[in-house]
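2 protein chains.
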Amino acid sequence: MNKIEFDILEVKSNILNDNDRSSDNVREILKKNNVFMVNLMASPGAGKTTTLVKTIEALKDRYRIGVMEADVDSDVDAITVQNAGAKVIQLHTGGSCHMDADMTKEGIEKLDISDIDVLFLENIGNLVCPAEFDTGATKKVCILSVPEGDDKPLKYPLMFQVSDLLLIGKMDVMPVFNFDVEACKKYVADLNPDMEVLPVSARTGEGFDKWIEWLVKEIQKFREKEV
Amino acid sequence: MNKIEFDILEVKSNILNDNDRSSDNVREILKKNNVFMVNLMASPGAGKTTTLVKTIEALKDRYRIGVMEADVDSDVDAITVQNAGAKVIQLHTGGSCHMDADMTKEGIEKLDISDIDVLFLENIGNLVCPAEFDTGATKKVCILSVPEGDDKPLKYPLMFQVSDLLLIGKMDVMPVFNFDVEACKKYVADLNPDMEVLPVSARTGEGFDKWIEWLVKEIQKFREKEV
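Which chain is which? The protein sequence lines are A and B, in order.
In terms of the working numbering, the first sequence opens at residue 297 and continues consecutively.
In terms of the working numbering, the second sequence opens at residue 297 and continues consecutively.
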């Protein structure tokens, strides 16, 4: 079995704090450390961890990668992600349905990002609450998986409004589900005309080159202080 | 196109209210009207609406069925469910990630349950927050769909602790996913030893007889005031 070599930190939401101020604070810390951070959001079981594992594999020779695994409970994902080659911290939200900026800051401080180039926050599996809280991440990426259906932007609009990129995940199972990619793109364009939509499959690697290309381009922009 | 013949009600969560008292109040209203109510919870896209449609079809000659469709936005599911033969109300939660007992009561009053035997609440697609709020429903049913993975009870334990029945949904796509039903049952048994687990597919009808049998038995118990 795999040795657990990461910290497990209990983080707590404080609704009295000013999240806008805290997220600005996280952004400053990231800038200072030259760390590009992605807030990865999706439903439970949409494939966040599998996508992260493949992403780490594709980027780890190029960047030093850190991952903050946020979960209500358990540490199964943190083990998986650590084995893929990332520096990992497990954050337990103790029932909280989202990560806010203060919780993110706590995680960043405990993980220590001085030896990291790219940091991923795997948010709680939830299409509602995480969309409401700016964690201070450089970019927000949402995964909508094919089995969930193409109509989710209609039902959970805020997530699709605030995200910078949408990955349509699990494209390899298209043959067994009714998922209309063009319809989904249209719903998304109505909410967020500027958002790019990339169909991918972490299992087969379909579309992954475009996702990695997007990341590398955004990391570059961030480093040139254009973001 | 289908004519929309249901009300759309904006409901709001009031965190200052005592949810326990309100849920007792909902239970009294249900008892008084002899209405058996199911709080149906699951992730986005787990198949709540499809399961409801098949359930309505199986039960509508036997019971008068009502459905409260809770969504952050949109009314696509309410249209679908109305076409299946249920009396429907669409509840918009205005961003709220769950239904509480007061919102449920508002919905019940607006729907008018005097001509209903069985009432389903399709909760917001979310494995975290809805588990925290007792709506006053007679029974809580959770759907975990095969594409989400068998490890979800580890990550979202409360949902599996509070539910009375777990449906493992989308069993027809088992061949294309790694989902270990026995492992899932074990995780669930550790959290909630008394909960029954029924594998079903709304698409093929697999296991649906057992789910309908469970419902009919529980409705009977409720009517005999054993619940």
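Every residue, glycine too, gets a C-beta built ideally from N, C-alpha and C.
Between the C-alpha atoms of residue i and residue j, what's the straight-line distance to the nearest angstrom?
i               : j               : result
A427 of chain A : A342 of chain A : 16 Å
F429 of chain B : V512 of chain A : 42 Å
S497 of chain A : A366 of chain B : 31 Å
P526 of chain A : K328 of chain B : Since the first and last residues shown for chain A are 297 and 523, residue 526 of chain A lies out of range.
I508 of chain B : E514 of chain B : 10 Å
L462 of chain B : P340 of chain B : 16 Å
V472 of chain A : L336 of chain B : 25 Å
K482 of chain B : I439 of chain B : 16 Å
K406 of chain A : M399 of chain A : 11 Å
E547 of chain B : M470 of chain B : In the structure as shown, chain B begins at 297 and stops at 523. Residue 547 of chain B is therefore absent and cannot be evaluated.
T357 of chain A : A380 of chain A : Position check: residue 357 of chain A holds Asp in this sequence, whereas Thr was assumed. Those two C-alpha atoms are separated by around 12 Å.
N330 of chain A : L355 of chain B : 60 Å
F504 of chain A : L387 of chain A : 27 Å
N313 of chain A : K506 of chain B : 49 Å
I409 of chain A : S319 of chain A : 17 Å
D316 of chain B : E492 of chain A : 44 Å
E324 of chain B : N310 of chain B : 21 Å
V334 of chain A : K451 of chain A : 24 Å
M455 of chain A : M455 of chain B : 22 Å
Here's the rule: buried if 16 or more other CB atoms are within 10 angstroms of the residue's CB, otherwise exposed. What is residue i?
i               : result
Q516 of chain B : exposed
P443 of chain B : buried
D446 of chain A : buried
G465 of chain A : buried
K521 of chain A : exposed
M297 of chain A : Unreliable placement is indicated for M297 of chain A, whose pLDDT of 41 sits below 50; the coordinate value is still reported in the next sentence. Label assigned to M297 of chain A: exposed.
S441 of chain B : buried
P489 of chain B : exposed
Q378 of chain B : buried
Q457 of chain A : exposed
I404 of chain A : buried
Do residue i and residue j have their C-beta atoms closer together than 9 Å?
i               : j               : result
D460 of chain B : V437 of chain B : yes
G432 of chain B : L326 of chain B : yes
I338 of chain B : I361 of chain B : Looking at the sequence provided, one finds Ala at residue 338 of chain B rather than Ile. In this structure, I361 of chain B does not lie closer than 9 Å to A338 of chain B by Cβ.
G390 of chain A : K308 of chain A : yes
F518 of chain A : F302 of chain A : no
V384 of chain A : V368 of chain A : no
V484 of chain A : P449 of chain A : yes
D411 of chain B : Y359 of chain B : no
V322 of chain A : K401 of chain A : yes
W510 of chain B : L487 of chain B : no
Have a look at the DSSP bridge pairing and note the partners of residue i.
i               : result
I361 of chain A : A:V414
D367 of chain A : A:H388
F332 of chain A : A:V414
I304 of chain B : B:Q386
L487 of chain B : Partner(s): none; L487 of chain B has no beta bridge.
S441 of chain B : B:G465
E492 of chain A : A:L461
A338 of chain A : A:I439
Give a yes or no on contact between the stretch 389-396 of chain A and the stretch 409-420 of chain A, applying the rule of three or more CB pairs nearer than 8 Å.
-> yes
Do three or more CB pairs link the stretch 477-494 of chain B to the stretch 474-488 of chain A at distances below 8 Å?
-> no
Report yes or no: do the stretch 345-353 of chain B and the stretch 362-380 of chain B share at least 3 C-beta pairs separated by less than 8 Å?
-> yes
Can we say the stretch 347-357 of chain A touches the stretch 482-498 of chain A, given the rule of at least three CB pairs closer than 8 Å?
-> yes
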